[in-house]
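Worksheet: one structure, shown below.
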Amino acid sequence: FQSTLGGLFKSAQKAVGGAANTVVREVDRHVSSENLEMFNNGNIVSLQSRETSRCLQVSSCGVLSANGLQHDKSGHFRVVNCGQNVVLLQSAIYPSWYIANHGGRIVGNGSGDPSCKFRLHETMNGFITLESVASPNQHVGVNADGEMKPADLVRKENSAMWVPTVVCGPQPIVHVEQTTVTRSVHSH
Numbered sequence: 465f466q467s468t469l470g471g472l473f474k475s476a477q478k479a480v481g482g483a484a485n486t487v488v489r490e491v492d493r494h495v496s497s498e499n500l501e502m503f504n505n506g507n508i509v510s511l512q513s514r515e516t517s518r519c520l521q522v523s524s525c526g527v528l529s530a531n532g533l534q535h536d537k538s539g540h541f542r543v544v545n546c547g548q549n550v551v552l553l554q555s556a557i558y559p560s561w562y563i564a565n566h567g568g569r570i571v572g573n574g575s576g577d578p579s580c581k582f583r584l585h586e587t588m589n590g591f592i593t594l595e596s597v598a599s600p601n602q603h604v605g606v607n608a609d610g611e612m613k614p615a616d617l618v619r620k621e622n623s624a625m626w627v628p629t630v631v632c633g634p635q636p637i638v639h640v641e642q643t644t645v646t647r648s649v650h651s652h
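Whatever position you read off the sequence shown (first residue = 1), add 464 for our numbering.
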């Protein structure tokens, strides 16, 4: 009888835990805040690491680290907002490159494919974490020396927490309409 009660209790615990996780996921997916608002489409942002107090940056060979300075353009990323707190972060100086999770390695030279989509989460302390959409529970995180940690070893911990700053808002895209005038020449 006691083992049956223990089994029922464990089943109930799993059900409650699963429901709580679902609620947390749904709140994370649809919540908005001042920090999350910084990730509006087209904004240029920098991300300062809680671990290193330095900014995420991409090198000319596509390597990411958290050793940059806030004013350094290698640490500026254009936000491509996909909705429901999912974003792509495009390098401002290498516009064909995006932050990506390539098989558990976080890189700065992704192509904009699904490996480049990250879900934003805000912690209770106001930090932002970036969770891979393609590989749930894998986050962008750094070691104390600023080198990237393998994403599959990083959860919502200090090494995965970032302070976002808007460097500048979206720049208007200027569309130039080109018209062609043709003249017909009549010969007599």
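The C-beta atom is built at its ideal place from N, Cα and C for all residues, glycine as well.
Rank the options by C-alpha distance to the C-alpha of residue i and give the top, closest one.
i                 : options                           : result
asparagine 505    : Ile563, Asn622, Gln554 and Glu515 : Gln554
leucine 533       : Ala608, Cys519 and Leu594         : Cys519
cysteine 632      : Ala556, Ser596, Gly547 and Gln548 : Ala556
phenylalanine 541 : Tyr562, Asn549, Gln602 and Ser517 : Tyr562
tyrosine 558      : Glu501, Ser529 and Cys525         : Cys525
glycine 589       : Asn565, Pro578 and Glu621         : The sequence as given places asparagine at residue 589; glycine does not occur at that position. Nearest C-alpha to asparagine 589: Glu621.
serine 529        : Glu501, Phe503 and Gln512         : Gln512
methionine 502    : Phe591, Gly605 and His535         : Phe591
valine 543        : Ala564, Asn507 and Ser560         : Asn507
Residue i: buried (16+ other C-beta within 10 angstroms of its C-beta) or exposed?
i             : result
cysteine 580  : buried
glutamine 548 : exposed
proline 628   : buried
serine 575    : exposed
serine 517    : exposed
serine 497    : exposed
glutamate 490 : Residue placement at glutamate 490 cannot be trusted, given a pLDDT of 38 that sits under 50; what the coordinates show is reported in the next sentence. Exposed.
If residue i and residue j are in contact, beta carbons under 8 Å, what's the gap, nearest whole angstrom?
i             : j           : result
glutamate 515 : alanine 598 : So it is not a contact: roughly 24 Å between Cβ atoms.
arginine 583  : proline 614 : Not really, about 19 Å apart at Cβ, beyond 8 Å.
serine 560    : glycine 539 : In fact, because the Cβ distance is near 17 Å, the residues do not count as touching under 8 Å.
Could you tell me the alpha carbon to alpha carbon distance between residue i and residue j, rounded to whole angstroms?
i              : j              : result
valine 522     : valine 551     : 17 Å
arginine 493   : histidine 585  : The predicted position of arginine 493 is uncertain, since its pLDDT is 43 and thus under 50; a value taken from the coordinates is nonetheless stated next. So the two alpha carbons sit approximately 8 Å from each other.
proline 600    : threonine 593  : 12 Å
glutamine 602  : aspartate 616  : 5 Å
glycine 567    : glutamate 611  : 17 Å
tryptophan 626 : asparagine 545 : 18 Å
glutamate 595  : valine 618     : 9 Å
glycine 572    : aspartate 536  : 15 Å
leucine 500    : valine 630     : 11 Å
aspartate 577  : asparagine 565 : 10 Å
valine 487     : alanine 624    : Reliability fails at valine 487, whose pLDDT of 38 lies under 50, so the model's placement of it is uncertain and the value that follows must be treated cautiously. Distance between the alpha carbons of valine 487 and alanine 624 is about 22 Å.
threonine 587  : proline 634    : 26 Å
valine 606     : asparagine 531 : 10 Å
valine 604     : valine 527     : 13 Å
Say whether chain D places a C-beta atom closer than 8 Å to the C-beta of residue i.
i              : result
methionine 612 : You won't find chain D in this structure, because it holds only one protein chain.
message: Extract the residue ranges of the beta strand (DSSP E) inside the region 559-635, only unbroken runs of 3 or more that lie entirely within it.
response: 562-566, 569-574, 582-586, 592-596 and 626-632
message: My parser needs the alpha helix (DSSP H) runs of 4 or more residues fully inside the region 487-545; what are they?
response: 498-501
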